[in-house]
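To keep things clear, I will list the structure first and then write my remarks on it.
Residue numbers (the numbering used here), protein chains in the order written: chain D, 247 to 376; chain H, 149 to 649.
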């Protein structure tokens, strides 16, 4: 399912003239780590969010196709309308996708440099073992 | 001094102490150190791991993974799904909060006395004395001017221009360096979080800490609590480890947090009609201001400014709160190129929040997997208060010179010009329009005289049981309208002192 989540994230945080996109970060490594680290209920929420993203073009742009098959501009419009959708459950479902994408993007050294932010040191993940 | 961390499956770990304290956050660690100072042996049993500053993460991802309970996936069930943010490590939420120190307002004691019975003036006086002690022990001080950072100074200027009271925040931080990473744990070790203060003191006084050890059950002999049991859980892999059992010669103090203490008592068979009832919170939500000059909100104290001017009427508190870049995209509206263009303004954003003194009451239940389920929805009066708080935040941004306001409210424009701030007065009253969080939680094991309406009495003793006490915010029967850490610690110390009487 990682590719499914990645597809949604790439659409939500694309490269622009002024900023790198999530594709310019190690999003694959990030998602592999997250699958191992995240609480199962968090990961489940992320998967559900990605599924909602893929399966709802009909309710956002009126196209009865999965999001993979949408032309680029229509896909962008689908993403924009979904995160602002009047149905709370729909926009809330993709909230975790956007939040997690931001965690990956905002921690990237290249992205941080664009904002004059120092790179993050690695998260040690250690604890007192005795 | 002893610390027992995760043990793989094998021989069970068995320990014994005079008092067993479940949880090591503001309530548990303070109760434990108070008991330990009397010469009693104390064992703290904490669900999360023991992390020191070199173990602290830097990124939001690392913070979610290493410090936040269940990756922040606990949320309210009600009209809106609002996340509940709590720490899960030795020291509890004191490691990841801003260590804000606000004395319990006198009207809170009056209300406890009036609505829940017999707390009286002696109780309020004793709490005041304890809060004096805690402020000395944990070096409470205002954010020094050099550590304020521009986002806090702007808020101060905005409030001054509008003519309402506000001030640099008083916190348990010794000589703050203004690193702006309070919420990831203070890497500079200036914050006096309880994993750096009271918990080590308990260990130095012959106490012990068992970490990575979520308590599953309190075991009773008749009506007396005599031990706690559970099994270790690895903090990274979540692998089940050895069983543990800690015998309490004199008593068990439950301080597992507002969301965890009631389910623990339910799982343990404690009978009380009030158990899980009376949940309250201060729901918080932000408003961004966009400024011409860079603000760099991650420079300076994370929450270095606050105002209590509106605490009593209409009922909210205002604070600054800086957000790291890797959390921002979840807060700004939009997607795709629109979102990316909005993110370019990061350095020019300041985020200030209102924390609503909400009167709505919810309930905590235990889910099938043992996870807490919090049922909670803000009523209309609270939503009016909540919205008014946001209007005040927006007005403060305008007074501080913001060129635009970002409301982050569904149904409102992404940005408002300074002369459009009045439109916020017509913002929706539906909680689903807001992305709020709940971080100040109360109730679930509330204290009071009447066993039909409360779980424990005014000394923390669980009604109808011996040797079982509550020592965290779950005992607090009302909201406070101020940051609760100081009240929680004082109450825990007060209860511990009564146990020793």
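The beta carbon of each residue, even a glycine, is placed where N, CA and C say it ideally should be. Fair warning: this is a prediction, and the values are worked out from it, not measured in the lab.
- In this structure, H:285 is the residue among H:362, H:285, H:492 and H:558 with its C-alpha nearest to the C-alpha of residue 637 of chain H.
- Inclusion of residue 319 of chain H and residue 580 of chain H in the CB contact set at 8 Å is not warranted, their separation being larger than that value.
- In the three-state DSSP reduction, residue 273 of chain H falls in the helix class (H, G or I).
- At least 8 Å separates the CB of residue 439 of chain H from every CB of chain D.
- In this structure, residue 347 of chain H lies near residue 238 of chain H, with their beta-carbon atoms less than 8 Å apart.
- In the same chain as residue 492 of chain H, and ignoring 5 residues on each side of it, no C-beta atom comes closer than 6 Å to its own.
- Taking the Cα of residue 568 of chain H as reference, the smallest distance to any Cα among H:518, H:542, H:593 and H:207 is reached at H:542.
- With respect to chain H, the C-beta atom of residue 265 of chain D has a partner C-beta closer than 8 Å.
- Close CB contacts of residue 362 of chain H within its chain, under the 7 Å cut and outside five residues either way in sequence, are with 195, 378 and 381 (chain order).
- Residue 428 of chain H and residue 356 of chain D have their C-alpha atoms spaced approximately 42 Å apart.
- Within the segment 342-354 of chain D, those residues whose Cβ lies closer than 7 Å to any Cβ of chain H are, in chain order, 344, 345, 347, 348, 349, 351, 352 and 353.
- Per DSSP, the continuous beta strand (DSSP E) segment holding residue 437 of chain H begins and ends at 425-438.
- In the DSSP assignment, residue 350 of chain D falls within the unbroken alpha helix (DSSP H) covering 341-352.
- Annotated as proximal: residue 189 of chain H and residue 165 of chain H, with beta-carbon spacing under 8 Å.
- With fewer than 16 other CB atoms across the displayed protein chains lying within 10 angstroms of its CB, residue 254 of chain H is exposed.
- Residue 402 of chain H is a Cβ neighbour of residue 619 of chain H, given a cutoff of 8 Å.
- Note on geometry: alpha-carbon atoms of residue 556 of chain H and residue 357 of chain H lie some 43 Å from one another.
- Within the same chain, and ignoring the five residues on either side of residue 558 of chain H in sequence, the residues whose Cβ sits closer than 6 Å to its Cβ are 581.
- Runs of the beta strand (DSSP E) spanning 3 or more residues and lying entirely within the segment 161-216 of chain H occur at 161-170 and 190-193, in chain order.
- The segment 251-261 of chain D makes contact with the segment 336-345 of chain D, as at least three CB pairs between them are under 8 Å.
- Here residue 364 of chain H carries a strand assignment [DSSP, helix/strand/coil].
- Neighbourhood of residue 361 of chain D in chain H, by CB distance below 7 Å: 473, 494 and 495, in chain order.
- Less than 8 Å separates the beta-carbon of residue 359 of chain H from that of residue 151 of chain H.
- Assignment of residue 605 of chain H by DSSP, reduced to helix, strand and coil, places it in the coil class.
- Per DSSP, the continuous beta strand (DSSP E) segment holding residue 465 of chain H begins and ends at 464-468.
- At least one C-beta of chain H is nearer than 8 Å to the C-beta of residue 258 of chain D.
- For the segment 208-219 of chain H, the set of positions with a beta-carbon nearer than 7 Å to some beta-carbon of chain D reads 208, 209, 210, 213, 214, 218 and 219 in chain order.
- Residue 249 of chain D: member of the alpha helix (DSSP H) spanning 248-258, first to last residue.
- In this structure residue 244 of chain H is buried. Its beta-carbon is surrounded by 16 or more other beta-carbon atoms within 10 angstroms.
- Within chain H, no residue has its beta carbon less than 7 Å from that of residue 272 of chain D; the closest one is some 12 Å off.
- Beta bridge pairing from DSSP links residue 502 of chain H with H:433 and H:466.
- Secondary structure note for residue 320 of chain H: its beta strand (DSSP E) is the uninterrupted segment 318-320.
- Residue burial is scored here from C-beta neighbours: residue 500 of chain H has at least 16 other C-beta atoms within 10 angstroms and is therefore classed as buried.
- Remark: C-beta atoms of residue 611 of chain H and residue 599 of chain H approach each other more closely than 8 Å.
- Against chain H, the beta carbon of residue 306 of chain D has no neighbour under 8 Å; the closest one sits roughly 11 Å away.
- DSSP places residue 265 of chain H in the coil class of the three-state scheme, outside both helix and strand.
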